[in-house]
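In our numbering, the protein residues as written are 1036 to 1159.
Okay, structure coming up:
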């Protein structure tokens, strides 16, 4: 009977060690998953900040485009419209200037003696 008690104690010790190893592996997996999710959270938070800035700029542009100021600016600059009492001045194209020819410089080839070529290759 004494042998069965020793075996029973060892079996319980072995089971306890197995449970502790399994819990350690599970804890390690959870920690690595948490680190991965934190990196994803930081990346997504940066993306959200960029998109929020883009949304703010776009809403400002939409607000300006719907305002009376932008309509009046477009009408005067691109639409060539005027208010009563305005004098519109449109510049007329002038006479085109005749293009002048650019003189081509002439390049005269320089003749070197054979010994001058060898001298410059070796000593210079």
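Just so it is clear, CB atoms sit at the ideal spot from N, CA and C, and this is done for glycine as well.
- Contact annotation: residue 1132 and residue 1123 have beta-carbon atoms that are not nearer than 8 Å.
- One alpha carbon belongs to residue 1039, the other to residue 1075, and they sit about 54 Å apart.
- Between the C-alpha atoms of residue 1069 and residue 1106 there is a straight-line separation of about 53 Å.
- DSSP places residue 1141 outside any alpha helix (DSSP H), giving it a letter other than H or E.
- Here residue 1123 carries a coil assignment [DSSP, helix/strand/coil].
- In this structure, the CA atom of residue 1119 is about 55 Å from the CA atom of residue 1079.
- If you look at residue 1108, you'll find it in the alpha helix (DSSP H) that goes 1103 to 1112.
- Residue 1096: member of the alpha helix (DSSP H) spanning 1037 to 1100, first to last residue.
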